[in-house]
Each structure stands twice: as C-alpha cells, then as structure tokens.
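Working notes, structure below.
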Amino acid sequence: MAIQTRIKFIFKYPYTKLISIRFKTTSAEYVASRARDPTFDKLMKNYNNYLKIVSVQDLLLADTTNNSSISLHFLSKLSQKLHLNHGASSFLRKYPHIFNLFYNHSKSEPFCKLTDKALQISREEAAAIEASKPIVIERLVRILSMSVSKSLPLRAVFKVWRELGLPDGFEESIISQNPKLFSLSDSPNEPNTHIIKLESINPNFITAVKNWREDECNKKDSKVDESQIRFAFKQGYPPGMKLGKVFRGKVKEWQTLSYIGPYDQMGEKRKPKAGVKALEKRAVGIVHEFLSLTVEKMIEVEKISHFRKWHYIMLSASTLSWSVMKAASVCLRRKSLRIEV
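Residues 178 to 518 in our numbering are what the sequence shown spells out, letter by letter.
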C-alpha cells in the first residue's frame with residue numbers, strides 16, 4: 178500500500194527529485210499487506226459459518242416454552258444481528274442435518290428446531306464440559322493470574338467463555354461454587370459492572386512457551402543451548418512470507434530480549450525499564466499464553482482487546498495484532514488470532 182502511494186506520487190510530481198518526503202506506514206497497512214495462509218483462510222471461512230450455527234443453536238436450546246423450537250418469523254428478525262446475510266430460511270436449509278424446518282399447525286407458521294442428531298451432539302458437548310470442570314477452573318485462574326490486579330470485569334470473561342471451554346452459566350456453576358478461588362463484587366469505577374477477583378494466587382504457574390523451551394532443550398541429539406532460547410518464542414510464518422536480512426536480524430535480536438512474563442508480579446503503574454520493546458514482548462507473551470489456554474488455540478482480536486487494560490498491555494489492538502504475528506508462531510486473518518502449538 179505504501180509503495181503504491183510512493184509510485185503514484187513520483188509519476189504525478191516528476192520534478193520533485195530534491196524534495197525529501199517521509200512516508201509513514203501504519204500498523205493497519207502492515208497487517209493488510211501480510212502474507213496470507215490459504216489453509217487458515219479456508220478454516221476461518223468454515224469457522225465463521227460454525228459461529229452462526231452455534232448462535233442459532235443457543236437460541237433454540239434456550240427456548241423451553243416451545244419444545245426447543247422458534248418461529249422462522251422470529252429468527253428472520255434476528256438475521257442481521259446473527260449475520261445471516263441471505264436470510265434465516267436460506268441459512269437453515271444449508272444444514273438439514275442440524276436444523277429441522279416444520280410447520281406448526283397450532284401457530285399457523287413455520288418453525289425451526291434441532292435434529293435428533295444435533296441434539297445428541299449438544300448433550301455430549303454439555304457432558305464433556307461438565308467433566309472438564311477442573312481444567313476450565315484452572316484456565317480461569319490463569320487468565321486472572323495474568324491480570325496485574327488479579328481481577329477482571331465479568332463482561333470480559335463473558336466475551337471468551339466459549340473459547341475457554343466454560344459452561345453456560347459459569348458465574349453460578351464455576352465462580353459461585355468456588356468461593357475460595359473467586360469472588361464477585363461491584364466495580365467502584367463503573368456502574369452496573371461486576372468484577373471477578375482471584376482469591377487464591379498460585380505462584381508456580383509455568384507458561385506454555387516455557388514448556389516448549391524445555392522440550393526443545395531436552396530433545397534427543399538437541400544442539401539447542403538453554404541460554405539461546407531462554408526468552409525466545411517458536412517461530413512460524415505463513416507460507417510464502419519472505420523475511421529480509423534486516424528483518425531476520427531484528428527478530429534474532431528480539432528473541433534474546435528479556436521481558437516480564439505473564440505470571441510474573443508487576444506493579445500496577447510500573448513499566449519495564451527496557452521500554453517499548455520490552456512492553457511489546459510482554460504483550461506477545463501474554464497473548465501467546467492466552468491463546469494456549471483456549472480450546473481451539475484461536476480467538477478474535479476484538480475479544481482479546483477487552484483484556485488489554487487489565488493485563489497492562491500498552492499497545493493498541495491493531496499494533497498488538499501485528500506485533501504478535503511478526504514475533505511469535507501466530508497467524509492472523511481478518512480479526513482472528515491462531516497459535517501453532
């Protein structure tokens with residue numbers, strides 16, 4: 178984008194050879210010009226459809242008055258909100274193995290419900306979530322542990338409850354049932370906002386990237402020295418992305434830069450002495466750990482941006498996306514982040 182702008186300027190003003198002009202490339206332009214990952218692109222296309230299916234499924238399961246069914250007319254009103262671009266009826270007919278359209282004679286209008294197979298899968302999913310409660314409790318504890326104040330607004334956790342594998346209604350089944358770990362209180366600064374606070378701190382948490390570093394050093398016939406990757410991240414870039422000599426040098430230098438880890442104690446207003454680069458690397462470390470705690474190792478950038486203030490990430494959402502993509506084994510497409518583990 179920036180190169181095209183320069184070329185157009187030169188052809189438009191050919192006699193400005195002696196004028197020094199500085200062109201600024203924003204982080205958004207960097208992200209837009211990134212190398213694409215075709216496999217991830219295909220995944221995200223299907224994943225977006227999956228999210229729409231889940232949204233409709235949640236509506237159906239939430240209805241208890243009509244035997245878990247809703248009218249097509251009601252669903253059509255929500256088409257725009259659910260991003261059903263071609264209408265509810267057209268979307269539902271694409272997935273006959275999930276949704277069953279039928280005519281409700283008592284209501285004199287078409288209705289929609291889940292097929293028996295879809296209902297069975299939903300029950301199995303609920304049972305799996307129930308069985309994994311100890312795991313999801315630890316995930317929530319870790320997310321809170323990365324916060325400087327060991328607390329988060331409940332609305333932020335609501336944004337990522339499915340990505341973390343939390344059960345529906347987790348505020349009752351997880352938070353209220355574990356008073357020794359969590360507590361809920363009203364926010365003193367924001368009205369109608371609840372704060373979830375970690376009551377018991379575990380100082381022994383080990384990050385996913387640290388486990389990777391140890392595995393790399395302990396591999397058979399490994400020539401990797403522990404001091405070389407003490408602060409390093411696994412590198413992985415989209416196919417076709419070429420790294421210039423200067424860029425490779427900067428990445429190598431960045432890999433050796435020390436930083437404050439996600440679970441390390443940090444004063445609420447204290448900044449790392451190393452400055453902006455250390456802040457950037459700490460942000461990468463937090464996002465890397467956050468992604469490793471999700472079920473699919475993937476999350477939307479918009480959702481993770483709700484944690485920036487609480488995790489003391491002093492970068493904008495777009496800058497954060499670019500920093501994570503160029504620094505760690507993370508791919509970025511549109512508004513989603515995915516980690517390779």
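We put the beta carbon where it would ideally sit given N, CA and C, even for glycine. From a predicted model like this one, the values you see are computed outputs, not experimental measurements.
Quiz item: Between the segment 320–331 and the segment 481–491, are three or more C-beta pairs nearer than 8 Å?
Solution: yes
Quiz item: Looking only at its own chain, which residues have a Cβ that is under 7 Å from the Cβ of A265, when we skip the five neighbours before and after it?
Solution: Your numbering for residue 265 matches position 88 in the sequence shown. The residues are L249, L252, S253 and S256.
Quiz item: Does DSSP put K374 in a helix, in a strand, or in coil?
Solution: Working through the sequence shown from its first residue, we reach residue 374 at position 197. Here K374 sits in strand by DSSP.
Quiz item: Taking the C-alpha atoms as reference points, what is the distance between S350 and E315?
Solution: Here residue 350 refers to the residue found at position 173 of the sequence shown. Here residue 315 refers to the residue found at position 138 of the sequence shown. Spanning the two alpha carbons is a distance of roughly 14 Å.
Practice problem: Jot down the residue ranges of each uninterrupted alpha helix (DSSP H) in the segment 355–434, minimum 4 residues, whole runs only, in chain order. | Solution: 385–395 and 422–432
Quiz item: Thinking just about the alpha-carbon of each residue, which of A303, I247 and P415 is nearest to the one in F288?
Solution: In the sequence shown, residue 288 corresponds to position 111, counting from 1. Checking every option, the nearest Cα to that of F288 belongs to I247.
Exercise. Identify every run of the beta strand (DSSP E) within the segment 275–358, keeping only runs that are complete inside it and at least 3 residues long; order them along the chain.
Key: 276–281, 286–291 and 328–330
Quiz prompt | Nearest-angstrom Cβ-Cβ length linking E466 and A385, presumed shorter than 8 Å | solution = As a first step, residue 466 is located in the sequence shown; it is residue number 289 there, counting from the start. As a first step, residue 385 is located in the sequence shown; it is residue number 208 there, counting from the start. Rounded, the Cβ-Cβ distance is 6 Å, consistent with contact.
Exercise. Measure from the alpha carbon of A308 to the alpha carbon of each residue in N223, L343, K258 and Y224, then state which is nearest.
Key: Against the sequence shown, residue 308 aligns to sequence position 131. A308 has its Cα closest to that of L343, out of N223, L343, K258 and Y224.
Practice problem: With DSSP collapsed to three states, give me the class of E445. | Solution: What you label residue 445 is simply residue 268 of the sequence shown in a count that begins at 1. Caution is warranted here: a pLDDT of 48 is assigned to E445, below 50, making its placement in the model unreliable, and no coordinate value can be reported.
Exercise. Report the option in S353, N388 and F279 whose CA atom is closest to the CA atom of I373.
Key: Start at 1 with the first residue of the sequence shown, and residue 373 comes out as number 196. Among S353, N388 and F279, the Cα nearest to that of I373 belongs to S353.
Exercise. For E473, name the three-state secondary structure that DSSP assigns.
Key: Along the sequence shown, read from residue 1 onward, the residue named residue 473 stands at position 296. The answer is coil: DSSP assigns E473 none of H, G, I, E or B.
Practice problem: Following the continuous alpha helix (DSSP H) through S267, name the residue where it begins and the one where it ends. | Solution: Residue mapping note: residue 267 aligns to position 90 of the sequence shown, counting from 1. Residues A265 to R270.
Exercise. Would you tell me roughly how many angstroms separate the C-alpha atoms of S362 and Q405, rounded to the nearest one?
Key: If you number the sequence shown from 1, residue 362 lands on position 185. If you number the sequence shown from 1, residue 405 lands on position 228. Whole-angstrom Cα-Cα distance: 45 Å.
Quiz item: Using the rule of at least 16 other Cβ atoms within 10 Å of the residue's Cβ for burial, across every protein chain shown, is D293 buried or exposed?
Solution: Numbered from 1 along the sequence shown, position 116 holds the residue referred to as residue 293. Result: exposed.
Quiz prompt | At least three beta-carbon pairs within less than 8 Å, the segment 316–323 to the segment 262–279 | solution = no
Quiz prompt | Classification of P416 by the beta-carbon crowding that lies within 10 angstroms, buried from 16 upward | solution = The residue you call residue 416 lines up with position 239 of the sequence shown. P416 comes out exposed.
Quiz item: What is the DSSP secondary structure of S256, counted as helix, strand or coil?
Solution: Reading the sequence shown from its first residue, position 79 is the one you call residue 256. S256 falls in the coil class under three-state DSSP.
Self-check item: Reference H488; option with closest CA among N369, R459 and S469
Solution: The residue given as residue 488 occupies position 311 in the sequence shown. For H488, the nearest C-alpha among the options comes from R459.
Quiz item: Are G456 and M491 touching if we call contact CB-CB under 7 Å?
Solution: Position 279 of the sequence shown holds residue 456. Position 314 of the sequence shown holds residue 491. Reading the sequence as shown, one finds Leu at residue 456 and not Gly. Their beta carbons are under 7 Å apart, which means L456 touches M491 by this criterion.
Self-check item: Buried/exposed call for I436, threshold 16 Cβ in 10 Å
Solution: For the purposes of this step, residue 436 is taken as the residue at position 259 of the sequence shown. Note that residue 436 is Tyr in the sequence shown here, rather than Ile. Buried, because 16 or more other Cβ atoms sit within 10 Å of the Cβ of Y436.
Quiz prompt | Own chain partners of I306 with C-beta closer than 7 Å, once the 5 adjacent residues on each side are dropped | solution = Residue 306 sits at position 129 when you count from the first residue of the sequence shown. G342 and P344.
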